[in-house]
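Residue 195 is where the sequence shown ends in our numbering, and the numbering goes up by one at each step. All C-beta atoms, glycine included, are put in the ideal place defined by N, C-alpha and C.
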Amino acid sequence: MECPFIIGKRVYLRSLNPDDLEKGYLGWINDPETNRFLMSGIFPTSRDKLWGYYEKVTNSNNDVIFAIIVKKNDKYIGNIKIGGIDWVNRTAHCGRMIGDKKYRGKGYGTEALKLVIDYAFNTLNLNRIYNAIVADNMGAIKSCGKVGMKREGIFSQARFVDGKYKDIVQVSITRDRYERLKKEK
């Protein structure tokens, strides 16, 4: 394992590093299938633009981004980020991308989400984590449900995807709900 920060059963999370930008991230962020539900998919991303984003996020006190690594082969498969941390209200947005298509739909993203939610509540002392998901992204909605996130509402026709305006589903989990679900297991 290469500098693990948070270790799970099948994945570990480590700091995103400059090598990751070339190893996969740049290709993923420019792949229409991968980025169709991401805000970044609207415009092409150059190396310089991605490097600028990397510098901004890794130097921010309001964002934490991790590389998602498969333990059995040390394969970098995607990223997960806690962003827009509001230190007064103890809330943040969480987003992830499994860029390597071979690893989608196999539970790696769900496990990474569980790990990052635990980190957000128990290390960063946050109280609420939320995500806004294009309604067509059923895999992400289902994955968020598996970790205890619940639907809060719908933003009608809030994103333009595949030539159509799509609804956004907002989901969240609070620390209280997270602790309650942990006790039930």
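For asparagine 45, the closest of Ser166, Val157 and Asn147 by C-alpha to C-alpha distance is Asn147. Residues Glu121 and Leu125 of the same chain have their beta carbon placed closer than 6 Å to that of glycine 18, with the five preceding and five following residues left out of the count.
One alpha carbon belongs to asparagine 99, the other to asparagine 69, and they sit about 21 Å apart. Judged by DSSP in its simplified three-state form, valine 98 adopts coil rather than helix or strand. Contact check for alanine 130 and isoleucine 79: beta-carbon distance about 19 Å, past the 8 Å limit, so the pair fails to qualify. Straight-line spacing of the CA atoms in glycine 119 and glutamate 189 works out to 21 Å.
Around the Cβ of leucine 191, a 10 Å sphere holds fewer than 16 other Cβ atoms; the residue is exposed. Contact between valine 181 and isoleucine 143 holds, with the beta-carbon distance rounding to 7 Å and staying under 8 Å. Within the stretch 107 to 147, complete beta strand (DSSP E) segments of at least 3 residues are found at 138 to 144, given in chain order.
Comparing alpha carbon positions, the residue from Asn89, Tyr140, Tyr175 and Arg138 closest to arginine 24 is Asn89. Under DSSP, threonine 184 takes part in a beta bridge, and its partners are Arg138. With contacts defined as CB atoms closer than 8 Å, isoleucine 39 and leucine 60 qualify as a contacting pair. Under the three-state reduction of DSSP, cysteine 13 is assigned to coil, being neither helix nor strand. Secondary structure note for lysine 160: its beta strand (DSSP E) is the uninterrupted segment 160 to 171.
Annotation: aspartate 73 to aspartate 96 spans about 10 Å, alpha carbon to alpha carbon.
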